[in-house]
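Chemist:
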Amino acid sequence: MKWAGMMKSKRGFTLIELLISFVILSMLLTVATTTYQLLVSRWEKNSTAFEEAYQVYRDQELLQNILANTYPYVVVDKNEPSFFFVGSESSILAVTRKGVFDRDYPEIYKLSVITEPSGKQKLLYQAKSFNHLLLNSPNQEIVFDQQIELFAQADRIQFRYYGQESIFTATSENVVNATWYERYSGLSRMLFPIKIAYEIEAGEQQLKFQAAFHEDSFKELSRYVVGEQ
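Whatever position you read off the sequence shown (first residue = 1), add 9 for our numbering.
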């Protein structure tokens, strides 16, 4: 009887130990699962932040390349030459030597700031390769056949232009100092801007860039004037 009592006591103690071990193991599994979920969540956030940062970097590289290689392309209307460039705070229509889609030919392009219903902005780049079109008139119809979106989650995108008021002030002896404009047309001013600048706000990032060009772009028009070669 004494031996039987001892066996019962040992069985009860062993069962309690198993229950305690089970509880401890469950707690460890819960802690491990929670820790794993936190690590996965943090990794996903870091991964998303990295992807977004890389996308902004990539878009900025593309935009800087487009603007830096924009050049004073001359078009003629009724024997009057001018530059194919029209810029505003929210759009640019021009020609670049290094576009996004064709590395062998210049691209006629249009940059347009699009505002989403959420208030966020993005930049739409539309292009047409010179391999498929010869641009010779400012009134020529252009059908863009390729496009890409840049800065899809920007808070603000704005362009500005630095240059002379018109070809008449640029070529006069009393040169008027250049200034910044919200709009700049090479067709009406008969000048190409000296600088094209943009400011982009994307989350905590403040992006600024200026593409600089020759100040005497009007000289490009001289060979198009009637009587000169």
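In this text, a Cβ means the ideal position worked out from N, Cα and C, and glycines have one as well.
(1) On the CB-based measure, 16 or more other CB atoms within 10 Å of its CB, does Leu-126 come out buried or exposed?
(2) Here's the rule I'm using: 16 or more other beta-carbon atoms within 10 Å means buried, otherwise exposed. How should Met-199 be labelled?
(3) In the DSSP assignment, what residue or residues form a beta bridge with Val-122?
(4) For Glu-213 and Val-65, I'd like the C-alpha separation in whole angstroms.
(5) According to DSSP, is Lys-228 part of a helix, a strand, or is it coil?
(6) Does the distance from the CB of Ile-123 to the CB of Tyr-170 come in under 8 Å?
(7) Let me know the alpha helix (DSSP H) ranges lying completely inside the segment 163 to 225, each 4 residues or longer, listed in chain order.
(8) Please identify the residue among Asp-68, Phe-177, Ala-221 and Leu-76 whose C-alpha is closest to the C-alpha of Leu-230.
(9) Please confirm if the segment 62 to 82 is in contact with the segment 99 to 110, defined as three or more CB-CB distances below 8 Å between the two stretches.
(10) Excluding five sequence neighbours on each side, which residues of the same chain lie with their C-beta closer than 7 Å to the C-beta of Gln-173?
(11) Could you confirm whether any beta carbon from chain B is found closer than 8 Å to the beta carbon of Ala-62?
(12) Grab me the residues of Ser-138's own chain with a C-beta within less than 6 Å of its C-beta, minus the 5 sequence neighbours each way, in chain order.
(13) Take the Cβ of Phe-31 as the centre, count every other Cβ of all protein chains shown within 10 Å, and call the residue buried at 16 or more, exposed below.
(14) Return the first residue and the last residue of the beta strand (DSSP E) that Glu-89 is part of.
(15) Specify the secondary structure class of Val-152 as computed by DSSP and reduced to three states.
(16) Run the CB neighbour count on Tyr-193, radius 10 Å, all protein chains shown included, and call it buried at 16 or more, exposed below.
(17) Looking at the structure shown, is Phe-31 part of a helix, part of a strand, or coil, going by DSSP?
(18) Could you spell out the range, first to last residue, of the beta strand (DSSP E) harbouring Leu-102?
(19) Can you check which of these residues, Thr-23, Ala-161, Ile-166 and Trp-189, is closest to Tyr-290 by C-alpha distance?
(20) Can you give me the C-alpha to C-alpha distance between Asp-68 and Leu-28, rounded to a whole angstrom?
(21) Kindly indicate which three-state DSSP category Asp-68 falls into: helix, strand or coil?
Modeler: Quick answer:
(1) Before going further, note that residue 126 is Pro rather than Leu in the sequence given. Result: exposed.
(2) Counting Cβ neighbours within 10 Å, Met-199 comes out buried, since at least 16 surround it.
(3) Under the DSSP definition of a beta bridge, Val-122 partners with Leu-132.
(4) Taking the straight line from one Cα to the other gives about 12 Å.
(5) The DSSP-derived three-state label of Lys-228 is helix.
(6) No; because the gap between Cβ atoms is not below 8 Å, this pair is not in contact.
(7) Whole alpha helix (DSSP H) segments, 4+ residues: 176 to 180 and 195 to 198.
(8) Taking only the C-alpha atoms, the option nearest Leu-230 is Phe-177.
(9) A contact exists between the segment 62 to 82 and the segment 99 to 110.
(10) For Gln-173, where only same-chain residues beyond five positions count, the Cβ hits under 7 Å are Ala-179, Val-185, Ala-187 and Leu-200.
(11) Of the protein chains in this structure there is only one, and it is not chain B.
(12) These residues qualify, in order along the chain: Asp-111, Tyr-114 and Glu-116.
(13) Flag for Phe-31 reads exposed.
(14) Note, Glu-89: beta strand (DSSP E), 89 to 92.
(15) Residue state, collapsed to three classes: coil.
(16) The residue in question, Tyr-193, is buried, as its Cβ has 16 or more Cβ neighbours within 10 Å.
(17) It is helical.
(18) Going by DSSP, Leu-102 is part of the beta strand (DSSP E) stretching over 100 to 105.
(19) The chain is shown only over 10 to 238; residue 290 falls outside these bounds and no answer can be derived.
(20) For Asp-68 and Leu-28, the distance between alpha carbons rounds to 59 Å.
(21) In the three-state reduction of the DSSP assignment, Asp-68 falls in the helix class, which pools H, G and I.
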